[in-house]
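K.L.:
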Amino acid sequence: MAPVAKNKALNAKKAALKGTQGKAQRKVRTTTTFHLPKTLKLARVPKYSRKSIPHAPRMDQYRVIRQPLNTETAMKKLEDDNTLVFLVDVKANKRQIKDAVKKLYDVEAAKINTLIRPDGQKKAYVRLTADADALDVANKIGFI
Amino acid sequence: MVAVKAHELRNKNKAELTKQLDDLKQELASLRVQKITGGARLQKIGATRKAVARVLTVINQTQREQLRLFYKSKKYTPLDLRTKKTRAIRRRLTKVEANKKTVKQQKKLAHFPQRKFAVKA
Numbered sequence: 001m002a003p004v005a006k007n008k009a010l011n012a013k014k015a016a017l018k019g020t021q022g023k024a025q026r027k028v029r030t031t032t033t034f035h036l037p038k039t040l041k042l043a044r045v046p047k048y049s050r051k052s053i054p055h056a057p058r059m060d061q062y063r064v065i066r067q068p069l070n071t072e073t074a075m076k077k078l079e080d081d082n083t084l085v086f087l088v089d090v091k092a093n094k095r096q097i098k099d100a101v102k103k104l105y106d107v108e109a110a111k112i113n114t115l116i117r118p119d120g121q122k123k124a125y126v127r128l129t130a131d132a133d134a135l136d137v138a139n140k141i142g143f144i
Numbered sequence: 001m002v003a004v005k006a007h008e009l010r011n012k013n014k015a016e017l018t019k020q021l022d023d024l025k026q027e028l029a030s031l032r033v034q035k036i037t038g039g040a041r042l043q044k045i046g047a048t049r050k051a052v053a054r055v056l057t058v059i060n061q062t063q064r065e066q067l068r069l070f071y072k073s074k075k076y077t078p079l080d081l082r083t084k085k086t087r088a089i090r091r092r093l094t095k096v097e098a099n100k101k102t103v104k105q106q107k108k109l110a111h112f113p114q115r116k117f118a119v120k121a
């Protein structure tokens, strides 16, 4: 038989046995729970920035450290424990205080303790590392 | 100290302004230290604070003005550069949209306007 005629005959046989519509395959499910299928997640490509200018850093070093304390106990800490005592912004945390001290006075802080005074201000005890002298720094700042 | 004036600040460029801002903030910090050691130049503290505010105002004003020029030709602008007014006003139909008329209506208005008659005295 000619190939075209043979193909026609085969297709007719297939249609008679299997039908002309395709058979939908059912997925085999191995668990009873249905989990969220993983779909394509596109990254954002905004057509315009929502804020025109990003804000300058709000907690800069000048805002964090307000003023040093020169009370008697603060002076004692200066000489004995190599620590500076500052009044600090209430919203500042120890990491910000450490960075601010580094930026303003060029000294490394070994550790920082903070407390909030009864009058609402935050006090920070900044212990300097052994290679820095608190008295020198205080003289440089100007509050001895 | 020379009083900081806004119209002089506007002539400076951004780098100079940010440097001046930094200087003013440092001066403010040192003034606060002087306050506790008994130096007591309290008026100067107030003046310096206002100077910081002036510099920041000039910086931000010029920045936003430049941005508005930049976005003038663009289709979408950032939300803080759009008109604020009120939420309801922003959602209203624009004047053009509200006054649009169909051709049929335009023809009617043209051919049959509201006539005014008067009785002769």
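If you read the protein sequences in the order shown, they are chains A and B. One point on numbering: in full-length UniProt numbering, the residue at position 44 of the first sequence is 44, and numbering is uninterrupted. One point on numbering: in full-length UniProt numbering, the residue at position 93 of the second sequence is 93, and numbering is uninterrupted. For glycine and all other residues, C-beta sits at the position ideal for the given N, C-alpha and C.
Pick out the complete alpha helix (DSSP H) segments inside the region 5-34 of chain B, 4 residues or longer, and give them in chain order.
P.N.:
6-9
K.L.:
Measure from the C-beta of Lys-84 of chain B to each C-beta in chain A and report whether the shortest distance is under 7 Å.
P.N.:
Against the second sequence, residue 84 of chain B aligns to sequence position 84. Output row for Lys-84 of chain B: interface = no.
K.L.:
In angstroms with no decimal places, state the Cα-to-Cα distance between Thr-30 of chain A and Ala-24 of chain A.
P.N.:
Counting from 1 along the first sequence, the entry for residue 30 of chain A is found at position 30. Counting from 1 along the first sequence, the entry for residue 24 of chain A is found at position 24. So the two alpha carbons sit approximately 19 Å from each other.
K.L.:
Taking all protein chains shown into account, decide if Arg-54 of chain B is buried (16 or more other Cβ within 10 angstroms of its Cβ) or exposed.
P.N.:
Counting from 1 along the second sequence, the entry for residue 54 of chain B is found at position 54. Buried, by the Cβ-count rule.
K.L.:
Ends of the alpha helix (DSSP H) at Leu-69 of chain B?
P.N.:
Here residue 69 of chain B refers to the residue found at position 69 when the second sequence is read from its first residue. Unbroken alpha helix (DSSP H) run through Leu-69 of chain B: 42-71.
K.L.:
Please work out which residues of its chain come closer than 7 Å, Cβ to Cβ, to Phe-143 of chain A, disregarding the five sequence neighbours upstream and downstream, and give them in chain order.
P.N.:
Position 143 of the first sequence holds residue 143 of chain A. Closer than 7 Å at Cβ, skipping near neighbours: Pro-68 and Asn-70.
K.L.:
Taking beta-carbon pairs under 8 Å, can you tell me which members of the region 23-38 of chain B lie near chain A?
P.N.:
Lys-25, Gln-26, Leu-28, Ala-29, Ser-30, Arg-32, Val-33, Gln-34, Lys-35, Ile-36 and Thr-37
K.L.:
Against chain A, does Pro-113 of chain B count as a neighbour if the rule is that its beta carbon must be under 7 Å from one of theirs?
P.N.:
As a position in the second sequence, residue 113 of chain B is number 113, starting the count at 1. Pro-113 of chain B is outside the set of residues whose beta carbon lies under 7 Å from a beta carbon in chain A.
K.L.:
Straight-line CA distance for Lys-12 of chain B to Gly-38 of chain B?
P.N.:
Stepping through the second sequence from its first residue, residue 12 of chain B is reached at position 12. Stepping through the second sequence from its first residue, residue 38 of chain B is reached at position 38. About 36 Å.
K.L.:
Strictly below 7 Å CB to CB, what residues from chain A border Thr-77 of chain B?
P.N.:
Looking up residue 77 of chain B in the second sequence gives position 77. Identification of chain A residues near Thr-77 of chain B by a Cβ-Cβ cut-off of 7 Å yields Tyr-48, ordered along the chain.
K.L.:
Is the Cβ-Cβ distance between Lys-123 of chain A and Arg-117 of chain A less than 7 Å?
P.N.:
Here residue 123 of chain A is taken as the residue at index 123 of the first sequence, counted from 1. Here residue 117 of chain A is taken as the residue at index 117 of the first sequence, counted from 1. For Lys-123 of chain A and Arg-117 of chain A, yes; Cβs fall inside 7 Å.
K.L.:
Beta carbon of residue 122 of chain B, beta carbon of Thr-48 of chain B: below 7 Å?
P.N.:
This structure leaves residue 122 of chain B out entirely; chain B is present only between 1 and 121.
K.L.:
Looking only at its own chain, which residues have a Cβ that is under 7 Å from the Cβ of Asp-119 of chain A, when we skip the five neighbours before and after it?
P.N.:
Counted from its first residue, the first sequence places residue 119 of chain A at position 119. Counting only Cβ-Cβ distances below 7 Å, and skipping sequence neighbours, we find nothing.
K.L.:
Short of 8 Å in beta carbon distance, which residues of its chain neighbour Ala-6 of chain B, apart from the five on each side in sequence? Order them along the chain.
P.N.:
Translated into positions along the second sequence, residue 6 of chain B becomes position 6. Once the five neighbours on either side are set aside, the close Cβ partners of Ala-6 of chain B are Arg-54, Thr-57 and Val-58.
K.L.:
Is there a C-beta anywhere in chain B that falls below 7 Å from the one on Gln-67 of chain A?
P.N.:
Here residue 67 of chain A corresponds to residue number 67 of the first sequence, with the count starting at 1. Yes, Gln-67 of chain A counts as interfacial toward chain B.
K.L.:
Does chain A have any CB closer than 7 Å to the CB of Gln-61 of chain B?
P.N.:
Locating residue 61 of chain B in the second sequence gives position 61, counting from the first residue. Chain A contact via Cβ: absent.
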